[in-house]
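In what follows, a structure is listed as structure tokens, so that the remarks can point back to it.
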Amino acid sequence: MSEVIIIGGGLAGLFTALKRAPMPSTVITPKPLGEGASSAWAQGGVAAAIGEGDSAEKHAADTIAAGAGLCDEEAVRSIVAEAPQRIEDLLRYGVPFDRDLEGKLRLSREAAHGERRIVRVNGDQAGRAIMSALIAAVRRTPSITVIEGANALDLSVAEGRVTGVWCERGGAPFYLPARAVVLATGGIGQLYKVTTNPLEARGEGLAMAARAGALIADAEFVQFHPTALDIGRSPAPLATEALRGEGALLLNRLGERFMEGQHADMELAPRDIVARAVEREIQAKRGAFLDCRGALGARMSRDFPAVFAACQSAGLHPERDLIPIAPAAHYHMGGVATDSRARTTVDGLWAVGEVACTGLHGANRLASNSLLEAVVMGARAAEDIAAAQPRRAVIAEQSRLSKKPEREAWRNLARLQGLMTRYAGVERNGVGLISALSQLEAMRGPAADVARFIVVGALMRRESRGGHSRADFPQTAAPGRTFMTGAECRAISDELVGANGALPLAAAR
Numbered sequence: 000m001s002e003v004i005i006i007g008g009g010l011a012g013l014f015t016a017l018k019r020a021p022m023p024s025t026v027i028t029p030k031p032l033g034e035g036a037s038s039a040w041a042q043g044g045v046a047a048a049i050g051e052g053d054s055a056e057k058h059a060a061d062t063i064a065a066g067a068g069l070c071d072e073e074a075v076r077s078i079v080a081e082a083p084q085r086i087e088d089l090l091r092y093g094v095p096f097d098r099d100l101e102g103k104l105r106l107s108r109e110a111a112h113g114e115r116r117i118v119r120v121n122g123d124q125a126g127r128a129i130m131s132a133l134i135a136a137v138r139r140t141p142s143i144t145v146i147e148g149a150n151a152l153d154l155s156v157a158e159g160r161v162t163g164v165w166c167e168r169g170g171a172p173f174y175l176p177a178r179a180v181v182l183a184t185g186g187i188g189q190l191y192k193v194t195t196n197p198l199e200a201r202g203e204g205l206a207m208a209a210r211a212g213a214l215i216a217d218a219e220f221v222q223f224h225p226t227a228l229d230i231g232r233s234p235a236p237l238a239t240e241a242l243r244g245e246g247a248l249l250l251n252r253l254g255e256r257f258m259e260g261q262h263a264d265m266e267l268a269p270r271d272i273v274a275r276a277v278e279r280e281i282q283a284k285r286g287a288f289l290d291c292r293g294a295l296g297a298r299m300s301r302d303f304p305a306v307f308a309a310c311q312s313a314g315l316h317p318e319r320d321l322i323p324i325a326p327a328a329h330y331h332m333g334g335v336a337t338d339s340r341a342r343t344t345v346d347g348l349w350a351v352g353e354v355a356c357t358g359l360h361g362a363n364r365l366a367s368n369s370l371l372e373a374v375v376m377g378a379r380a381a382e383d384i385a386a387a388q389p390r391r392a393v394i395a396e397q398s399r400l401s402k403k404p405e406r407e408a409w410r411n412l413a414r415l416q417g418l419m420t421r422y423a424g425v426e427r428n429g430v431g432l433i434s435a436l437s438q439l440e441a442m443r444g445p446a447a448d449v450a451r452f453i454v455v456g457a458l459m460r461r462e463s464r465g466g467h468s469r470a471d472f473p474q475t476a477a478p479g480r481t482f483m484t485g486a487e488c489r490a491i492s493d494e495l496v497g498a499n500g501a502l503p504l505a506a507a508r
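With numbering that gives the first Met the number 0, the residue at position 418 of the sequence shown is 417, and numbering never jumps.
Given below as structure tokens:
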């Protein structure tokens with residue numbers, strides 16, 4: 000058994016394992032590889048400044064602009080600069096990125112990108128194709144052990160260092176000792192009623208890290224994708240931003256382009272601005288729709304097959320019908336705080352992908368930067384673990400193994416989703432957030448713990464910025480990031496509820 004355990008079988012986890020080869024790694028995943036990971040559902044692609052006239056400097060500038068003053072600029076510049084290398088890695092692993100007639104990689108444009116720099120596969124199939132290629136590469140790599148159908152329950156910590164992982168499979172608990180653990184557990188979308196995330200995206204990795212004492216950063220920043228298909232399905236199918244890059248319009252039921260006057264880039268404005276505009280049209284009973292009618296809709300079956308299939312399943316014909324949309328919880332910009340090498344604040348614990356917070360995304364993720372971050376930070380984690388001082392993995396005492404960590408009773412998930420959607424969704428206010436926090440006080444388990452981080456962060460941030468919008472504080476104040484441990488979050492929560500929302504002095508770092 001490997002002494003390096005990777006929790007999560009999405010892009011970040013598999014890429015980390017591949018970059019560690021031929022050094023051994025063990026990947027723990029609750030579903031068979033390719034299932035239950037948001038990576039496979041990504042439609043846009045990987046953002047990389049490799050086109051003529053583009054540059055890493057331009058990519059960084061677009062990322063920083065979208066991040067609304069909260070990006071770690073050093074992290075941004077270093078991550079986007081590695082994009083060409085990581086694209087080459089993906090090509091070597093067999094990812095069939097689209098090419099033009101000259102054999103060059105075909106690039107598309109998405110919202111808030113100043114250039115065409117999205118490397119994609121068959122229009123909207125990038126996530127599925129990347130995952131298929133990486134899964135095949137993992138299956139043929141002898142140094143990678145995959146334990147499918149296993150749930151990571153908790154981290155073992157001794158003397159301030161992560162020493163292993165408690166797991167279960169088929170109801171039977173087991174323990175894996177480790178000198179290094181990599182969290183690659185994905186996001187938190189399932190804490191909301193409408194999400195594009197798979198059922199497994201409930202923040203359990205973030206909760207595990209917090210219980211181990213890790214610092215959590217910028218938890219209040221949740222990105223809502225503005226164009227999830229509003230067709231009564233959960234998770235909600237996604238209408239990729241690339242459609243708007245190809246000319247799709249946003250209309251209400253009156254036929255009005257409601258992005259007029261909202262932003263100079265209209266339909267290609269940053270996601271947070273578009274999501275709020277869509278939500279306001281829905282709340283005003285005017286509805287919100289994606290207009291692909293005509294030539295774009297006619298070629299959708301070829302160029303955007305996933306969106307086309309979702310429309311067909313709802314009886315919609317994109318070449319002649321408007322497509323109903325609604326904002327959906329899509330990506331968590333916050334997460335377990337890491338440094339430039341993917342190290343968390345707990346010795347022996349690394350975090351990569353959506354569960355981590357590197358500072359790349361700031362207050363609002365730029366489209367298709369998430370897959371880029373996953374591969375860049377996965378490669379860095381692999382390199383850093385290899386260079387780290389080897390330590391003997393600690394074997395858990397059998398008496399500890401008998402105390403299986405308690406998993407949350409998910410019967411309360413619907414209630415939690417309701418209060419998070421109502422009070423900590425696209426637009427928030429202090430009264431609602433305090434109501435949510437008061438109700439969370441009575442809830443236990445990892446989902447409630449993660450929700451508490453989001454709500455406390457939202458209460459502490461008395462401004463509107465990026466993905467965080469406060470109706471009672473619409474202005475933008477001086478930028479600053481939010482950092483909390485689990486103990487600090489609980490203490491601030493108790494103080495906020497007790498003071499009916501008055502911000503405690505201890506809330507600022």
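Note that the Cβ used here is the ideal one computed from N, Cα and C, for glycine as well.
The structure displayed is predicted, hence computed values, not measured ones.
Since residue 325 and residue 287 should fall inside the 8 Å C-beta cutoff, what is the C-beta to C-beta distance between them, to a whole number of angstroms? Your numbering for residue 325 matches position 326 in the sequence shown. Your numbering for residue 287 matches position 288 in the sequence shown. That belief holds up - the Cβ atoms of residue 325 and residue 287 are roughly 7 Å apart, short of 8 Å.
Same chain, Cβ closer than 7 Å to residue 9, neighbours up to 5 away in sequence not counted: Taking the sequence shown and counting its residues from 1, the one referred to as residue 9 is at position 10. Cβ within range, chain order: 36, 37, 38, 183, 185 and 352.
Please report the straight-line C-alpha distance between residue 318 and residue 285, rounded to a whole angstrom. Position 319 of the sequence shown, counting from 1, holds the residue named residue 318. Position 286 of the sequence shown, counting from 1, holds the residue named residue 285. Approximately 22 Å, taken between the alpha carbons.
Just to confirm, are residue 366 and residue 234 a CB contact at a threshold of 9 Å? As a working mapping, residue 366 is identified with position 367 in the sequence shown. As a working mapping, residue 234 is identified with position 235 in the sequence shown. Taking 9 Å as the Cβ cut-off, residue 366 and residue 234 do not qualify as a contacting pair.
DSSP bridge partner residues for residue 167 (one or two, in chain order): Numbered from 1 along the sequence shown, position 168 holds the residue referred to as residue 167. Residue 167 is bridged to 150 and 172.
How would you write the range of the beta strand (DSSP E) that residue 102 sits in, first residue to last? Walking along the sequence shown from the start, residue 102 turns up at place 103. According to the DSSP assignment, residue 102 belongs to no beta strand (DSSP E), since it is labelled neither H nor E.
Which of helix, strand or coil DSSP assigns to residue 459: Walking along the sequence shown from the start, residue 459 turns up at place 460. Residue 459 falls in the helix class under three-state DSSP.
Residue 270 versus residue 225: straight-line alpha-carbon distance, rounded: Position 271 of the sequence shown holds residue 270. Position 226 of the sequence shown holds residue 225. Roughly 6 Å between the two C-alpha positions.
Residue 68 (DSSP reduced to helix, strand or coil): Here residue 68 corresponds to residue number 69 of the sequence shown, with the count starting at 1. The answer is coil: DSSP assigns residue 68 none of H, G, I, E or B.
Count Cβ pairs between the stretch 204 to 213 and the stretch 236 to 252 that sit closer than 8 Å; are there 3 or more? no
Excluding the five sequence neighbours on either side, which residues of its own chain have a C-beta within less than 6 Å of the C-beta of residue 337, listed in chain order? Within the sequence shown, numbered from 1, the residue matching residue 337 stands at position 338. Excluding residues within five positions, the ones whose Cβ falls inside 6 Å are 343, 350, 355 and 357.
Could you tell me whether the stretch 56 to 66 touches the stretch 110 to 117, where touching means 3 or more Cβ pairs closer than 8 Å? yes
Helix, strand or coil: which one does DSSP assign to residue 197? The residue you call residue 197 lines up with position 198 of the sequence shown. In the structure shown, residue 197 sits in coil (DSSP, three-state: anything other than H, G, I, E or B).
For residue 287, the three-state DSSP class (helix, strand or coil): As a working mapping, residue 287 is identified with position 288 in the sequence shown. It is coil, neither helix nor strand.
Just to confirm before moving on: does the CB-CB distance between residue 436 and residue 495 stay below 9 Å? For this step, residue 436 is matched to residue 437 along the sequence shown. For this step, residue 495 is matched to residue 496 along the sequence shown. Taking 9 Å as the Cβ cut-off, residue 436 and residue 495 qualify as a contacting pair.
For residue 326, which residues does DSSP report across the bridge? Position 327 of the sequence shown, counting from 1, holds the residue named residue 326. Looking at the DSSP assignment, residue 326 forms no beta bridge with any residue, so it has no partner.
Quick one: using the 10 Å Cβ neighbour count with 16 as the cut-off for buried, is residue 139 buried or exposed? Counting from 1 along the sequence shown, the entry for residue 139 is found at position 140. Label assigned to residue 139: exposed.
According to DSSP, is residue 332 part of a helix, a strand, or is it coil? Numbered from its first residue, the sequence shown carries residue 332 at position 333. If DSSP states are grouped into helix, strand and coil, residue 332 belongs with coil.
How many angstroms separate the CA atom of residue 283 from the CA atom of residue 258? Locating residue 283 in the sequence shown gives position 284, where the first residue counts as 1. Locating residue 258 in the sequence shown gives position 259, where the first residue counts as 1. The alpha-carbon atoms of residue 283 and residue 258 are separated by roughly 15 Å.
Between which two residues does the alpha helix (DSSP H) holding residue 307 run? Position 308 of the sequence shown, counted from the start, is the residue given in the question as residue 307. Looking at the DSSP string, the run of the alpha helix (DSSP H) that includes residue 307 is 304 to 312.
Beta carbon of residue 153, beta carbon of residue 362: below 9 Å? Within the sequence shown, residue 153 is the residue found at index 154, counting from 1. Within the sequence shown, residue 362 is the residue found at index 363, counting from 1. No.
Nearest CA to the CA of residue 119: which residue from 332, 5 and 371? Counting from one through the sequence shown, the residue named residue 119 turns up at place 120. Measuring from the Cα of residue 119, the nearest candidate turns out to be 371.
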